[in-house]
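Just below is one structure, and these are the notes that go with it.
Protein chains: 2
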Amino acid sequence: MAAPRKSNRSAAPARDASAATAAPRAIAEQLERHGVRPSAQRVAIASYVLGTEDHPSADQVWARVKERFPMVSRATVYNTLRHFTEKGLLRELVLAEGRQVFDPVVEPHHHFVDDETGAIRDIPWNALKVAKIDELEGLDVREYMVVVRGVARGARKG
Amino acid sequence: MAAPRKSNRSAAPARDASAATAAPRAIAEQLERHGVRPSAQRVAIASYVLGTEDHPSADQVWARVKERFPMVSRATVYNTLRHFTEKGLLRELVLAEGRQVFDPVVEPHHHFVDDETGAIRDIPWNALKVAKIDELEGLDVREYMVVVRGVARGARKG
DNA sequence: CCGAAAGTTGGACTTAGTCTAAAACTGTCA
DNA sequence: TGACAGTTTTAGACTAAGTCCAACTTTCGG
Chain A
530 MAAPRKSNRS AAPARDASAA TAAPRAIAEQ LERHGVRPSA QRVAIASYVL
580 GTEDHPSADQ VWARVKERFP MVSRATVYNT LRHFTEKGLL RELVLAEGRQ
630 VFDPVVEPHH HFVDDETGAI RDIPWNALKV AKIDELEGLD VREYMVVVRG
680 VARGARKG
Chain B
530 MAAPRKSNRS AAPARDASAA TAAPRAIAEQ LERHGVRPSA QRVAIASYVL
580 GTEDHPSADQ VWARVKERFP MVSRATVYNT LRHFTEKGLL RELVLAEGRQ
630 VFDPVVEPHH HFVDDETGAI RDIPWNALKV AKIDELEGLD VREYMVVVRG
680 VARGARKG
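These protein sequences, in sequence, are chains A and B.
Heads up: the first sequence begins at 530 in our numbering, then just goes up one per residue.
Heads up: the second sequence begins at 530 in our numbering, then just goes up one per residue.
Have a look at this one:
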């Protein structure tokens, strides 16, 4: 389940290194560049949600952040995720198993939903090509994506 | 909001004709053909959900059905929708504003989500073409669709 | 240090959906 | 007809996801 890339558990405290923790300094700067005032809670939330390859739901983010920051409130996480989304740090997808999920990749891309595990994976924009989208009559298209459902064959490692 | 098509309130009892009510006989037969025993509640649910062009959520179906069948319970509606889906009468989409919605069109097609109203519209399968879907490595594709978001321009009539 | 604005908090509330045990209905067979 | 089994429906409790709000805390500018 965990994506074992970006192994920068550099100056992390003596806890397990399972959660992806980027340097707080860098995260604070990233927030500021997007016009978000970096509070401690926001940095904690960002350090998980901006660094993950999962597509967590809001409640999943809350659970994750609480592990290292137990006194954070649910309202804060929800507000913050909305805030991040408004500021363009996140994208909100509505294709998951009934809940809205957040995707730190803001650039357009497609999605693969694993029917067995429910996991969502990104598909690079150029891996697929949609034709005739500009021929749709009467629709002002703002964005589009292909949603592929199926099962991942073979090479899935935990 | 009401879709004033299929005005076959033929041998219906003396009640109002506001909701789309197909002939109960025909619906019962349709259910039987799909291996669903047609109870009164199931026919009531089917007569709305199989005849609509909306993409209602389960709770919306419940609300609609209760208008003409006030004593129907929520569990029945949820069970029935699941049952219909298993029997291939409905398809369940997971792309709506955070909820699962049902689509009486079982054949593959694409979807347009109106960002302003949240309404979902079908896009015919042949209106778009997705290339390179068979080149996706390591994925057993079961189905796919294009989800288009934007706003409907002009000519929208209810 | 003060006040205002921004941020955070817990908890109540809402909405969507599931679960359950009991009741009601249906078909069958004697 | 009446008894039985299996199916369907029911109300309501429960859970999960998410919103809302009023109060508290923190930060920032002066």
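Just so it is clear, CB atoms sit at the ideal spot from N, CA and C, and this is done for glycine as well.
With respect to A:Pro585, A:Val578 sits close: the two C-beta atoms are nearer than 8 Å. About 6 Å separates the CB atoms of A:Val590 and A:Leu610; that is less than 8 Å, so the two are in contact. For B:Tyr673, the pairing in a beta bridge is given by DSSP as A:Val677. Put simply, of B:Glu666, B:Pro653, B:Tyr673 the residue whose alpha carbon is nearest the alpha carbon of A:Ala681 is B:Glu666. For A:Glu582, no Cβ of chain B is located within less than 8 Å of the residue's own Cβ. For A:Glu672, the chain B residues whose C-beta falls within less than 7 Å of its own C-beta are Arg678, listed in chain order. Residue pairing from DSSP places A:Val659 in a beta bridge opposite B:Val659. Contact annotation: A:Val676 and A:His638 have beta-carbon atoms that are not nearer than 8 Å. DSSP places A:Val630 in the uninterrupted beta strand (DSSP E) bounded by 630-632. For B:Thr646, the closest C-alpha among the options B:Gly679, B:Ile574, B:Leu657 is that of B:Gly679. The beta-carbon distance between B:Leu622 and B:Pro633, rounded to whole angstroms, is 11 Å. This is too long to meet the 8 Å contact definition.
Close CB contacts of A:Val642 within its chain, under the 6 Å cut and outside five residues either way in sequence, are with Ile649, Arg678 (chain order). In the DSSP assignment, B:Leu622 falls within the beta strand (DSSP E) that extends over 620-622. For A:Val601 and A:Trp654, the gap between their C-alpha atoms comes out near 36 Å.
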